[in-house]
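Student:
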Amino acid sequence: MNAEIITIGDELLIGQVVDTNSAWMGQQLTFNGIRVVQKTAVSDKPENIIAALDQAKSRAEIILLTGGLGPTKDDLTKITLAKYFGMKMRLDVEVEKDIVEIFRKFGREITDTNRTQAEVPDGCEVIRNPNGTAPGMWFNFDQKIIVSMPGVPYEMKAMFTESILPKLRNQFSLPAIYHRTVMTQGIGESWLSDTLEQWEASLKGENIGLAYLPSPGIVRLRLTAYGDDKNELQKKVDRKISELPAIIGKYIFATEDISLEKVVGKLLLERNQTLVTAESCTGGFIAHLITSIPGSSSFFLGSTVTYANEAKSSLLDIPQELINRNGAVSEDVVKAMAKNVREKLGADYSISTSGIAGPTGGTPEKPVGTIWIAVASKNGVEAKLFQFGDNRERNIIRTAQAGLMMLLNSCQRQ
Numbered sequence: 007m008n009a010e011i012i013t014i015g016d017e018l019l020i021g022q023v024v025d026t027n028s029a030w031m032g033q034q035l036t037f038n039g040i041r042v043v044q045k046t047a048v049s050d051k052p053e054n055i056i057a058a059l060d061q062a063k064s065r066a067e068i069i070l071l072t073g074g075l076g077p078t079k080d081d082l083t084k085i086t087l088a089k090y091f092g093m094k095m096r097l098d099v100e101v102e103k104d105i106v107e108i109f110r111k112f113g114r115e116i117t118d119t120n121r122t123q124a125e126v127p128d129g130c131e132v133i134r135n136p137n138g139t140a141p142g143m144w145f146n147f148d149q150k151i152i153v154s155m156p157g158v159p160y161e162m163k164a165m166f167t168e169s170i171l172p173k174l175r176n177q178f179s180l181p182a183i184y185h186r187t188v189m190t191q192g193i194g195e196s197w198l199s200d201t202l203e204q205w206e207a208s209l210k211g212e213n214i215g216l217a218y219l220p221s222p223g224i225v226r227l228r229l230t231a232y233g234d235d236k237n238e239l240q241k242k243v244d245r246k247i248s249e250l251p252a253i254i255g256k257y258i259f260a261t262e263d264i265s266l267e268k269v270v271g272k273l274l275l276e277r278n279q280t281l282v283t284a285e286s287c288t289g290g291f292i293a294h295l296i297t298s299i300p301g302s303s304s305f306f307l308g309s310t311v312t313y314a315n316e317a318k319s320s321l322l323d324i325p326q327e328l329i330n331r332n333g334a335v336s337e338d339v340v341k342a343m344a345k346n347v348r349e350k351l352g353a354d355y356s357i358s359t360s361g362i363a364g365p366t367g368g369t370p371e372k373p374v375g376t377i378w379i380a381v382a383s384k385n386g387v388e389a390k391l392f393q394f395g396d397n398r399e400r401n402i403i404r405t406a407q408a409g410l411m412m413l414l415n416s417c418q419r420q
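If you want the working numbering, it's the position in the sequence shown, counting the first as 1, plus 6.
1. Would you check if there are 3 or more beta carbon pairs closer than 8 Å linking the stretch 27-38 to the stretch 162-169?
2. Can you name the start and end residues of the alpha helix (DSSP H) that V243 belongs to?
3. Does P156 pass the burial test, meaning 16 or more other C-beta atoms within 10 Å, or should it be called exposed?
4. Which parts of the stretch 52-110 are runs of the beta strand (DSSP E), unbroken and 3 residues or longer, counting only runs that do not cross its ends?
5. Smallest Cα separation from T46: which of S309, N8, R114 and A58?
6. Cβ atoms of L274 and L281: under 8 Å apart, would you say?
7. Look at the alpha carbon of L180 and the alpha carbon of K241, and state the distance between them as a whole number of angstroms.
8. Nearest to L227 by alpha carbon, out of K236, T187 and E262?
9. Closer than 6 Å by C-beta to T283: which residues in its own chain qualify, once you throw out the five before and the five after it? Chain order, please.
10. If you follow the beta strand (DSSP E) that L414 is in, where does it begin and where does it stop?
11. With DSSP as the reference, please indicate the residues paired to L227 in a beta bridge.
12. Hey, how far is the Cα of L35 from the Cα of R41?
13. For V23, collect the residues of the same chain with a Cβ closer than 8 Å to its Cβ; drop the 5 residues on either side in sequence, then sort them by chain order.
14. Roughly how many angstroms lie between the CA atoms of K111 and K94, to the nearest whole one?
15. Flag this pair as yes or no: are the beta carbons of V243 and A252 separated by less than 8 Å?
16. Determine the DSSP secondary structure at N435, reduced to helix, strand or coil.
17. From the DSSP output, which residues share a beta bridge with P370?
18. What separation, rounded to the nearest whole angstrom, lies between the Cα atoms of W378 and L413?
19. Mapping the DSSP letters down to three states, classify N135 as helix, strand or coil.
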């Protein structure tokens, strides 16, 4: 079963708004055994919407549209669909009641412009929208299903999850599907692929698909199997995943789609242990990742961002002569940062970073991308040198991920 996603709006094409809707829908459809064959973004012009629909009908049985359902004159999706299907507009009384109720809750009177939101093509099935004023519309046309949804993400997601997906599952006999993700850190996509060459070849005999999903510092391995019996698919995929620790065990930090900071946080919570950071080149990014976790106050005590050498000396008691002798980007300095911040704040563990994030500041001896990371505990301090490249943003992200992986490994050894 093939599906195509069409997102509508000039704001998407000019980069004013990032299209997260199609990515989310693609994931949901795939998890339910529906293959997404294309995603298309078009302007609000009727001729572009119609052209996209005509092309989508040649590729997919299910066509999902988002956007262009607002009350203003530039929102033309509903009118365009009515003309496309040769339908007239009608006022849906139940939708009108929904809109009136929404305005009542906000203490406002409904305007004539907002009331037009209750007008829908007379041949569509209306999908109620409990979170907004724009209803969804379901069309059965030319042996295709075409569904139009609002572009506001939280409205679209609720409508898709609660109404549209159940209807699709009832209407089609969808195959069983099982996905599982293995999370790795510290190995690049090409090296990982080379290392797993024989294991990956064995997946074909099991009819299991493998996707490499790289991001700075992290590569996801997503395994997917289709069939009739979900339990059998799960056993098959899980068996292949159980073979991975013997091949790439030191790079795996989870066998589910979860962030490294959440894995670290969960472990610290389970052990009732605490963490602090002393960050230079990462500028507090590790602390940001950690504090994005709900409940992180239970294990994260705080952070120092000692960007300047003077801050390293005044806040962390790093001797100036040590910095002068070795440079701030050095093993001795980053170890002293980790040791001193842990002792000052009384934590079980600490992470420290010092490096040249770039794009300037490098030397022949220490080029851009030179990063030192240290992790300290009651058992001592370990430090590692990394060479990450010349992209500042990626260097900061990769440093944070590498530091969290070092911490995770340190925790697991103790």
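Cβ atoms here follow ideal geometry from the backbone N, Cα and C, with glycine treated the same way. Fair warning: this is a prediction, and the values are worked out from it, not measured in the lab.
Tutor: Put simply:
1. Yes: the two stretches touch, three or more of their Cβ pairs being nearer than 8 Å.
2. Where V243 is concerned, the enclosing alpha helix (DSSP H) starts and stops at K236 to I247.
3. Buried is the label assigned to P156, since at least 16 other Cβ atoms lie within 10 Å of its Cβ.
4. With a minimum length of 3 residues, the continuous beta strand (DSSP E) runs that stay inside the stretch 52-110 are 68-72 and 95-97.
5. In terms of Cα proximity to T46, the closest of S309, N8, R114 and A58 is A58.
6. For L281 and L274, yes; Cβs fall inside 8 Å.
7. Distance between the alpha carbons of L180 and K241 is about 20 Å.
8. Ranking K236, T187 and E262 by CA distance to the CA of L227 puts T187 first.
9. I292, A293, S309 and I357.
10. Run containing L414: none in the beta strand (DSSP E); it sits in the alpha helix (DSSP H), R398 to R419.
11. L227 pairs with V188 and Y218.
12. Their backbone Cα atoms lie some 7 Å apart in a straight line.
13. Beyond the five residues adjoining it in sequence on each side, V23 comes within less than 8 Å, by CB distance, of G15 and E17 in the same chain, given in chain order.
14. A direct Cα-Cα distance of roughly 31 Å separates K111 from K94.
15. No, Cβ-Cβ distance for V243 and A252 is not below 8 Å.
16. The displayed coordinates of the chain run from 7 to 420. Any statement about residue 435 would go beyond what the structure contains.
17. Under DSSP, no beta-bridge partner is assigned to P370.
18. Cα atoms of W378 and L413: separation of roughly 14 Å, rounded to the nearest angstrom.
19. In the structure shown, N135 sits in coil (DSSP, three-state: anything other than H, G, I, E or B).
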